[in-house]
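Taking the numbering used here, I'd label the letters of the sequence shown as residues 65 to 586.
Backbone N, C-alpha and C fix where the C-beta goes; we use that ideal spot for every residue, glycine too.
Here the structure is a predicted model, which means the values were calculated and not measured.
Down below is the structure, laid out as structure tokens.
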Amino acid sequence: MKQQILHLASRGSTMVTLWPGLVSAAFCTGLAFLLYWWTAAPGITWAHEAADGAELLAAAMTNGVPHPPGYPLYTVLLQAWLTAGMWLAPGADLARLGNLLSAACSALGVGVTVLVTGRLLRAEKLRWLWALLAGAAWAISPLLWSQALVTEVYAFHTLLVALLGWVVLTRHGHGPLLVPVVACGVAHHLTFVLLLPAAVYYLWQLNGGQVRALIRAAGVVAVGIALGLLFYIRTPLAAAGSGTPPPVNWGYADNWTGFWWLVSGAAYRGYLFAGSSSDLFGRVTTWAYTLTIQFTPVGLALGLWGLAAWDHDRPALRNFSLLWVAPMSAYAIGYYTRDSEIYLLPVVWLAAIWVGVGLQEAVTLLRTYWSRLPLAIVLGALTTLALGILLVVRLPELSLRDDHAAQEFVTAVAATIPPDALVVSLADAETFALWYGAWASGELTQAAPDLILVNYSLYQFDWYRRLLRRSHPQVVGDEQTVEELLAVHAHRRPIYFSEPLSYVPAERLTPEGPIWRYSPPP
């Protein structure tokens, strides 16, 4: 009886300890979701480097395979979300639903961040205030906020990153939790692997730093990786389709060659460490600038103060931070694309936790000089005010609530093209918007039955020509170039370009709505 009473008392004490963290996390999650919901794009968008969103939606609606490496887990998640959304709200805009999935994932990640930060701070009565402020700083950081408003893979990625941090840093890498988190992370985005050395190191140190502990931690992570890689089995199954292959079908990965081209990112491999040594300084400068603007120079200084505190008192967390930051930073610096800074999201996430630690350290230091002043309340109020000002300042630049450009393009194309049209596109923005209009919302194929969409850049690949032949055998034959394809159909079908191409004489193109009609030579 006495043991039962002690057990119940222990459980009650644990719940009392947990409640402040859970309430803080729920509060921050709710506010973040309201912010993201209010500022999310109303439909497909080209803003925030999110042109891919239209393609992801088209892939989900056709059970297809999106761009490399295929994102099998995200595609299934998006399919389930859209199905539930259309059941709960018939007639809802598909792209708006996809954008709200990102809002939900980002907001949940903010809540997890509050929990992680609070558990890593010293136990004192205001630690959840600092954790909440760290979560709020993460919520309105430009990188996260921008991705919370659009259909893209990175919002879900940040949720999985936060869950990895939660399991490793606060749950001691509990196997039944760590394995599914690692599996989901690998199945979703392969850069997740770059974070795993930090996880293995911290679990190794947490369990005594012995060889056996290292083997156990690495083994648990390896099981998660293996399970995550198994999820890529979806790719060839979806690529093959049932009868006609899905139209969004990168790599047409029903064979090993196409599968490896897709999952290895062969199309993008040339961008990795492709710059010259003279470009390196500019890339490092961009890296530093990106990290600085997330929390402002003052916020970054607080974060570095927090990291310095770990360096002094908790070297395992310091080393974890270095192993977490270094691989992702090297990848972001070395990947020469216009949006490579997006890969710094895990770094910014950890820096937000440093900010929470820095706030607590600042109060501790100031109390040594002004012990009678309510310094915690003052610093908390000033930080809240600063975050509020940042939110207001960033709102006009980041909000997409009035962004209709991409959807207006699709609507204008639908009003322009006739049946049997062949539309050639080049840039991602127009290409993916056309794919969305044809294979997700369906407005293009309704306006122009038997519409044929051809991407000029992809036509160079054998898999893409094979896909077009399977999908449109009456239109695409053995033509090896788009020029040959146009020569065959110039007098058979109306031909349009989403933008003028250099090889097409300007006098052959006539603007019609947002696109150009091609007039073949006699």
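1) Buried or exposed for Pro-132, going by 16 or more other Cβ atoms inside 10 Å?
2) Kindly indicate which residue of Pro-136, Ser-562 and Glu-494 has the alpha-carbon position closest to the one of Pro-300.
3) How is Phe-561 classed by DSSP in three states: helix, strand or coil?
4) Could you check whether Gly-273 and Trp-336 sit closer than 8 Å to each other, using their CB atoms as the reference points?
5) Could I get the ranges of all uninterrupted alpha helix (DSSP H) runs contained in the stretch 223-309, with 4 residues as the minimum, in chain order?
6) Please work out which residues of its chain come closer than 6 Å, Cβ to Cβ, to Trp-209, disregarding the five sequence neighbours upstream and downstream, and give them in chain order.
7) Kindly indicate the opening and closing residues of the alpha helix (DSSP H) around Ile-357.
8) Find the nearest neighbour of Gly-370 within the set Asp-514, Ala-263, Gly-452 and Ile-417, judged by alpha-carbon distance.
9) Can you pull the DSSP bridge partners for Val-488?
10) Whose C-beta lies closer than 8 Å to the C-beta of Thr-234 among residues of the same chain, with five residues either side of it excluded?
11) Could you tell me the distance, in whole angstroms, from the CA atom of Val-275 to the CA atom of Gly-329?
12) CA-CA distance, Phe-295 and Ala-251?
13) Can you give the Cα-Cα distance for Val-518 and Arg-533, rounded to whole angstroms?
14) Assign Arg-186 to one of two classes, buried (16 or more other C-beta atoms within 10 Å of its C-beta) or exposed (fewer than that).
15) Is Leu-59 helix, strand or coil by DSSP?
16) Considering only C-alpha positions, which residue in the set Tyr-407, Asp-403 and Ser-385 is nearest to Tyr-395?
17) Count the other C-beta atoms from every protein chain shown that fall within 10 angstroms of the C-beta of Trp-374, then say buried if there are 16 or more, exposed otherwise.
18) Label Trp-325 either buried or exposed according to how many other C-beta atoms from any shown protein chain fall within 10 Å of its C-beta, with 16 as the threshold for buried.
19) Nearest by alpha-carbon distance to Gln-589: which of Thr-103, Ala-96 and Ala-111 is it?
20) Have a look at Gly-315, Val-457, Thr-255 and Leu-366 and flag the residue whose alpha-carbon is nearest the alpha-carbon of Pro-391.
21) For Glu-576, list the residues DSSP reports as bridge partners.
22) Secondary structure at Tyr-399, three-state DSSP: helix, strand or coil?
23) With a threshold of 16 other CB atoms inside 10 Å of the CB of Glu-548, please say whether the residue is buried or exposed.
24) Thinking C-alpha only, which one of Ser-566, Pro-569, Tyr-138 and Pro-558 is nearest Glu-576?
25) Please report the straight-line C-alpha distance between Leu-227 and Trp-388, rounded to a whole angstrom.
26) Pairs of beta-carbons, one from the stretch 464-479 and one from the stretch 488-508, closer than 8 Å: are there three or more?
27) When you compare the CB positions of Ser-521 and Leu-565, do they come within less than 8 Å of one another, or not?
28) Just to confirm my understanding: we take Trp-614, look at its own chain, exclude 5 residues before and 5 after, and list those with CB closer than 6 Å. What are they?
29) What residues in its chain sit with their C-beta under 8 Å from that of Tyr-567, if we drop five residues either side in the sequence?
30) Going by DSSP in three states, Val-568 sits in which element: helix, strand or coil?
31) With a Cβ-Cβ cutoff of 8 Å, do Leu-146 and Ser-505 count as a contact?
32) Under the three-state reduction of DSSP, which class applies to Leu-70: helix, strand or coil?
33) Check whether the Cβ atoms of Ala-156 and Ala-493 sit closer than 8 Å, and answer yes or no.
34) In chain order, what residues of the same chain lie with their CB nearer than 8 Å to the CB of Ala-167, ignoring the 5 residues before and after it?
35) State yes or no: is the C-beta of Val-217 within less than 8 Å of the C-beta of Thr-93?
36) Is the stretch 236-249 touching the stretch 446-462 in the sense that three or more CB pairs, one from each, lie closer than 8 Å?
Judging by the given coordinates:
1) Under this definition Pro-132 is a buried residue.
2) Checked all of Pro-136, Ser-562 and Glu-494; the closest Cα to Pro-300 is Pro-136.
3) Reduced to three states, the DSSP call for Phe-561 is strand.
4) The sequence as given places Leu at residue 336; Trp does not occur at that position. Contact: no.
5) Correct list: 239-252, 260-270, 275-294 and 298-304.
6) Hits under 6 Å: Leu-462.
7) Per DSSP, Ile-357 belongs to the alpha helix (DSSP H) from 341-377.
8) Minimum Cα distance to Gly-370 is reached at Ile-417.
9) Val-488 pairs with Val-518 and Phe-561.
10) Here the set comprises Leu-179, Val-180, Arg-183 and Leu-184.
11) If I take the Cα positions, the gap works out to 35 Å.
12) For Phe-295 and Ala-251, the distance between alpha carbons rounds to 6 Å.
13) Those two C-alpha atoms are separated by around 11 Å.
14) Per the 10 Å Cβ criterion, exposed.
15) Outside the displayed range of the chain (65 to 586) lies residue 59, so it cannot be described from this structure.
16) Tyr-395 has its Cα closest to that of Tyr-407, out of Tyr-407, Asp-403 and Ser-385.
17) Using a 10 angstroms sphere on the CB of Trp-374, the tally of other CB atoms reaches 16 or more, which defines it as buried.
18) It counts as buried.
19) Residue 589 cannot be examined here, being either before or after the span of the chain that is shown, 65 to 586.
20) The residue with the shortest Cα to Cα distance from Pro-391 is Thr-255.
21) Beta-bridge analysis with DSSP links Glu-576 to Ile-579.
22) Looking at Tyr-399 - three-state DSSP - the assignment turns out to be strand.
23) Glu-548 is classed as exposed because its beta carbon has fewer than 16 other beta carbons within 10 Å across all chains shown.
24) When only C-alpha atoms are compared, the closest one is Pro-558.
25) Approximately 14 Å, taken between the alpha carbons.
26) Flag = yes, the stretch 464-479 and the stretch 488-508 touch.
27) No, Cβ-Cβ distance for Ser-521 and Leu-565 is not below 8 Å.
28) Residue 614 lies beyond the residue range present for the chain, which begins at 65 and ends at 586; the question has no answer from this structure.
29) Excluding residues up to 5 positions away in sequence, Glu-547 lie with their Cβ nearer than 8 Å to the Cβ of Tyr-567 in the same chain.
30) In this structure, DSSP gives Val-568 a state outside helix and strand, which the three-state scheme calls coil.
31) Note that the C-beta distance between Leu-146 and Ser-505 is not below 8 Å.
32) Since pLDDT at Leu-70 reaches only 38, below the 50 mark, its modelled position is unreliable, and no value is offered.
33) No; because the gap between Cβ atoms is not below 8 Å, this pair is not in contact.
34) Correct list, in chain order: Phe-97, Tyr-100, Trp-101, Ala-104, Ala-212, Leu-213 and Ala-219.
35) Not in contact: Val-217 and Thr-93 (Cβ atoms no closer than 8 Å).
36) Between the stretch 446-462 and the stretch 236-249, the count of C-beta pairs closer than 8 Å stays below three; the two stretches do not touch.
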